[in-house]
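Participant:
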Amino acid sequence: MATVNLSDYKPLNITNAEDFSIGIVFSEWNDFVTYNLRDAALEILEKEGVKKENIKLFTVPGAFELNYASMQLCKERKFDAVIAIGCIIRGETPHFDFVSSAVAQGIKDCNILTDTPTIFCVLTDDTKEQSIARSGGDLGNKGVEAAVTALRMIDFKKKLSDKKTNIGFGNS
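Heads up: the sequence shown runs through residues 9 to 180, numbered per the working numbering.
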């Protein structure tokens, strides 16, 4: 079990965050969790300077559909990053294992097959209580971590692109 509060972060102070465009796709299944994750991600993105009009929200029915929606957003090449938000809670059948694995692989494919960083913000917990603890409860909110990761990956990509225009990569 995690012991770190996921909402603890230091401001990133990334330059030009107001120019970033971010797509957030979130599942309606287990919305008592996913909406909290979405709201925390939105709060951090705006706090870090991303303009509200540069953040687009998209809903899908369940976690499995995050793959299709995320890949479509990546293919559009309109977003600097995509955040995929979902919640899969273990049940009595192997369905949990199949869906969790498929979603993880699908988001991985977005990162490998496209040029858009796609952030995995899908809780895969054994119980409803664990999901609540990670979506605004005792352990903070994983949506915060997803937003920070998206911003850092956009910044990484931009710095990498800038270095390609210079001679060599240097040590910075």
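Positions of the beta carbon are idealized from the N, C-alpha and C atoms, including for glycine.
On the criterion of 16 or more Cβ atoms from any shown chain inside 10 Å, does N21 qualify as buried, or is it exposed?
Facilitator: Result: exposed.
Participant: What is the rounded straight-line gap between the Cα of T124 and the Cα of F87?
Facilitator: 7 Å
Participant: Taking C-beta to C-beta, are L168 and I93 nearer than 7 Å?
Facilitator: Contact flag unset, no.
Participant: Excluding sequence positions up to five away, which residues of its chain have a Cβ less than 8 Å from the Cβ of E36?
Facilitator: T42, T67, V68, P69 and G70
Participant: Which word fits D105, buried or exposed, when buried means at least 16 other C-beta atoms lie within 10 angstroms of its C-beta?
Facilitator: exposed
Participant: Touch check for the segment 103-117 and the segment 125-135: three-plus C-beta pairs under 8 Å?
Facilitator: yes
Participant: For K150, count neighbouring Cβ atoms within 10 angstroms of its own Cβ and tell me buried if that reaches 16, exposed if not.
Facilitator: Taking every protein chain shown into account, the CB of K150 has 16 or more other CB atoms within 10 angstroms, so this residue is buried.
Participant: Among the candidates G31, N38 and T157, whose CA atom is the shortest distance from the CA of T135?
Facilitator: N38
Participant: Assuming I30 contacts A158 (C-beta within less than 8 Å), just tell me the rounded distance between them.
Facilitator: About 6 Å separates the CB atoms of I30 and A158; that is less than 8 Å, so the two are in contact.
Participant: Roughly how many whole angstroms lie between the Cα atoms of G144 and E84?
Facilitator: Near 32 Å, if we compare the C-alpha coordinates of E84 and G144.
Participant: Please look up how many angstroms separate the CB atoms of A25 and E56, rounded, as I've assumed it's under 8 Å.
Facilitator: 5 Å
Participant: Just verifying my parser: in three-state terms, what is the DSSP assignment at G99?
Facilitator: coil
Participant: In the DSSP assignment, what residue or residues form a beta bridge with I91?
Facilitator: I32 and I127
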